[in-house]
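>
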Amino acid sequence: MSILDKIILGTVQFGMNYGINNSLGKPERMQVFEILDCAFENGINKLDTADAYGDSIDVLGEYNKAKPNRFLINSKFVYSGRPIRDELNFSLKRLHADSLNTYFYHRFHDFIRYPQLGDDLIKLKSERKIQKIGLSIYSNQEFELGLDSEFIDVLQIPFNLFDNYSQRGKYLDLAKARGKEIHARSIFLQGLFLMNKTSVPVKLHDLGPFLEKIQKLAANYSITIEELALNYALSHRQIEYFLIGVDNVNQLEKDIYYINNSKDLSDELIKHINTTIRIPAEMLNPGSWV
466 MSILDKIILG TVQFGMNYGI NNSLGKPERM QVFEILDCAF ENGINKLDTA
516 DAYGDSIDVL GEYNKAKPNR FLINSKFVYS GRPIRDELNF SLKRLHADSL
566 NTYFYHRFHD FIRYPQLGDD LIKLKSERKI QKIGLSIYSN QEFELGLDSE
616 FIDVLQIPFN LFDNYSQRGK YLDLAKARGK EIHARSIFLQ GLFLMNKTSV
666 PVKLHDLGPF LEKIQKLAAN YSITIEELAL NYALSHRQIE YFLIGVDNVN
716 QLEKDIYYIN NSKDLSDELI KHINTTIRIP AEMLNPGSWV
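Following the numbering used here, the numbering of the sequence shown begins with 466 at its first residue and continues without gaps.
(1) Rounding to the nearest angstrom, what Cα-Cα distance links Thr740 and Thr689 in this structure?
(2) Mind checking Ile691: buried by the 16 CB within 10 Å criterion, or exposed?
(3) So for Pro623, helix, strand or coil by DSSP?
(4) According to DSSP, which residues form a beta bridge with Arg650?
(5) Residues in its own chain within less than 7 Å of Asn487 by CB, not counting five upstream and five downstream?
(6) Relative to the C-alpha of Ile738, which residue among Phe498, Ile472, Tyr686, Asn715 is closest?
(7) What are the start and end residues of each continuous beta strand (DSSP E) run of 3 or more residues lying completely inside the region 563-591, in chain order?
(8) So, using beta-carbon positions, are Asn629 and Ser651 closer together than 7 Å?
(9) Please tell me whether His574 and Phe542 are closer than 7 Å, where the distance is taken between their beta carbons.
(10) Just how far apart, CA to CA, sit Phe608 and Gln621?
(11) Just to confirm before moving on: does the CB-CB distance between Phe627 and Ile704 stay below 7 Å?
(12) How would you write the range of the beta strand (DSSP E) that Tyr706 sits in, first residue to last?
(13) Determine contact between the region 576-584 and the region 717-724, defined as no fewer than three beta-carbon pairs at a distance below 8 Å.
(14) Quick check on the burial criterion: 16 or more other C-beta atoms within 10 angstroms. Buried or exposed for Thr476?
(15) If contacts are defined as beta-carbon pairs under 8 Å, then Phe707 and Ile473 qualify, I think. What distance do you get, rounded to the angstrom?
(16) Quick check: what's the CA-CA separation for Glu493 versus Gly526?
(17) Please name the residue or residues paired with Ser540 in a DSSP beta bridge.
(18) Taking the alpha-carbon of Phe505 as reference, which of Asn750, Glu718, Ala694, Leu553 has the nearest alpha-carbon?
(19) Please classify Ile742: does DSSP put it in a helix, a strand, or coil?
(20) If contacts are defined as beta-carbon pairs under 8 Å, then Asn799 and Leu553 qualify, I think. What distance do you get, rounded to the angstrom?
(21) Could you pull the DSSP bridge partners for Asp732 from this structure?
(22) Between the C-alpha atoms of Ser545 and Gln581, what's the straight-line distance to the nearest angstrom?
(23) Please return the same chain residues whose Cβ sits closer than 7 Å to the Cβ of Asn696, not counting the five positions on each side in sequence.
(24) What does Leu512 pair with, by DSSP beta-bridge criteria?
(25) In this structure, does DSSP put Ser664 in helix, strand or coil?
(26) Within its chain, find whatever has a CB closer than 8 Å to the CB of Asn590; leave out the 5 residues flanking it on each side and keep chain order.
(27) Leu557 lies in the alpha helix (DSSP H); which residues open and close that run?
(28) Provide the residue(s) that pair with Lys597 in DSSP beta bridges, ordered along the chain.
Written out as structure tokens, the structure reads:
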């Protein structure tokens, strides 16, 4: 299994301006198609999208219509009151696809408040309209409740140099023991790790000293921040898949190079990250940054 088989290309930035370090804005459709061609040609065969990602689904649908069956597609829904079957069929029509690999609850709120959705999703899974049922989470409390659910197959979690094993380790180990599949997102924390301390937005000023600390760590070990962030995430065997997002082909090619040439970080470095980078969880939720 190639290491690129473990990579899922995130597509939120294909449908809207996304990322605190994104100065280029939403890429043009031809740029998106170039990114998707590059991903496919390099062995990345999974995409992550959502109903809430602007017109990302429609852009992917145009590509999928012209070049079908290149990618397994994961998507997320926000419950609107309409039957979930109708929501799924509408998304599939837009995607020019017959089924989804994983269909995620986008909001934990819907998972808790509307238990009947679970039965509907199980039915869709039995019909092979979806292969797996997923839940996107932020907090460890949500993580724990997702792990306790018998019908949830996949949990998508934030995991990175800040939101690290010191925050998530207990639950990653439980997920492995219970046979849950884990997808890690926010590996670069919306590009925050690639920013200079002086360019960090005022609302994230308290993260500046931690950012400076990991930049010094990378320098001390003679690796780039991109390498440190990617290799740290990839070093955790409890995680099956890793989401990355890019705004252009050059970014994707650089990430592919780093992934293909990834190296195990020393136990000393991993321990240093886990013991010295401890940040209150409420500071790490991008939903609170707007």
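All C-beta atoms, glycine included, are put in the ideal place defined by N, C-alpha and C.
On the basis of the supplied data:
(1) 21 Å
(2) Correcting the residue identity first, residue 691 is Glu in this sequence and not Ile. The residue in question, Glu691, is buried, as its Cβ has 16 or more Cβ neighbours within 10 Å.
(3) strand
(4) Pro623
(5) Caution is warranted here: a pLDDT of 49 is assigned to Asn487, below 50, making its placement in the model unreliable, and no coordinate value can be reported.
(6) Tyr686
(7) 565-570
(8) no
(9) no
(10) 9 Å
(11) no
(12) 706-709
(13) no
(14) buried
(15) 7 Å
(16) 15 Å
(17) Tyr568
(18) Glu718
(19) coil
(20) Since the first residue of the chain shown is 466 and the last is 755, residue 799 is not available in this structure.
(21) According to DSSP, Asp732 bridges with nothing at all.
(22) 14 Å
(23) Ser727, Lys728, Leu730
(24) Leu474, Ile538
(25) helix
(26) The sequence shown places Lys at residue 590, not Asn. For Lys590, where only same-chain residues beyond five positions count, the Cβ hits under 8 Å are Gln596, Lys597, Ile598.
(27) 549-560
(28) Thr567
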